[in-house]
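Each residue of the sequence shown is one higher than the last, beginning at 1 in the working numbering. Heads up, the beta-carbon is just placed ideally off N, CA and C, and yes, glycines get one too. In what follows, a single structure is set out as structure tokens and then discussed.
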Amino acid sequence: MRRWLGIAPETNEYKYLGMWMSAVGCVKTKNEKISMREAPMYEKWYDGSLGGDLLFRARAQCMDVNAKDYRWSESRSKVCQVCDVGEDETVEHEVLKCVKYARDRYEMIQVVLRELGHDRVEMTGREWMVVLLGLCEEMNERMIEAVKEFLERMWRARCRN
């Protein structure tokens with residue numbers, strides 16, 4: 001193909017070939033050479049594990065919780081079936097408030113606070129969600145791994161019930 005591009009006349013076929021090449025990820029430089037575009041950034045947090053999948057779902061607010069799936073569940077209820085507090089089962093409830101996961105949550109929060117360099121932080125639920133889901137600049141690999149581990153434990157305990 002390289003030889004053909006060097007001798008190809010300026011025809012419509014060549015023009016359409018260039019359009020096709022740019023659509024599939026190649027761009028022409030000034031010297032008519034074909035080079036690959038830069039690939040989009042790879043997010044290493046989504047590594048194919050259950051924790052990575054749950055982190056993605058939590059960030060996208062599409063985790064399978066009763067507040068979202070109540071229309072199709074047998075109970076037809078938005079209320080959390082795990083803790084019996086009477087609160088709607090949302091992603092925020094599962095991650096921050098559900099008493100069933102208090103011990104695992106405490107361990108995760110301790111890792112996050114240690115990495116942030118704080119003993120205790122007063123934040124609202126929304127601010128905690130931004131931090132825990134990795135939507136702030138201060139997040140690092142250890143914090144994300146702690147959150148993924150918590151989400152895995154939470155999900156396995158939830159599925160057992």
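What is the DSSP secondary structure of Val85, counted as helix, strand or coil? coil
From Ala67 to Val112, what does the alpha carbon distance come to, in whole angstroms? 27 Å
With a threshold of 8 Å, are at least 3 pairs of Cβ atoms found where one atom belongs to the stretch 142-156 and the other to the stretch 70-78? no
Three-state class that DSSP yields for Val218 in the structure shown: The chain is shown only over 1 to 161; residue 218 falls outside these bounds and no answer can be derived.
Taking 8 Å as the threshold, find out whether the stretch 136-144 comes into contact with the stretch 75-92 through three or more Cβ pairs. no
Do you know whose CA, among Val82, Glu92 and Val99, lies nearest Arg162's CA? The structure shown does not extend to residue 162, since the chain is modelled only from 1 through 161, so no value can be given for it.
Who does Val79 pair with in a DSSP beta bridge? Asp88
State yes or no: is the C-beta of Asn140 within less than 7 Å of the C-beta of Glu107? Contact: no.
Buried versus exposed call for Gly117 [16 or more other C-beta atoms within 10 Å across all chains shown]: Around the CB of Gly117, fewer than 16 other CB atoms lie within 10 Å, so the residue is classed as exposed.
Helix, strand or coil at Ser22 according to DSSP, with G and I counted as helix: Residue confidence for Ser22 is low, a pLDDT of 47 falling below 50, so the modelled location carries little weight; the figure read from the coordinates is stated next. It is helical.
Hey, out of Arg126, Arg120 and Val82, whose CA is closest to Cys159's CA? Cα-wise, what sits closest to Cys159 is Val82.
As assigned by DSSP and simplified to three states, the class of His118: coil
Whole angstroms is fine: what's the gap from Cys136's alpha carbon to Val130's? 6 Å
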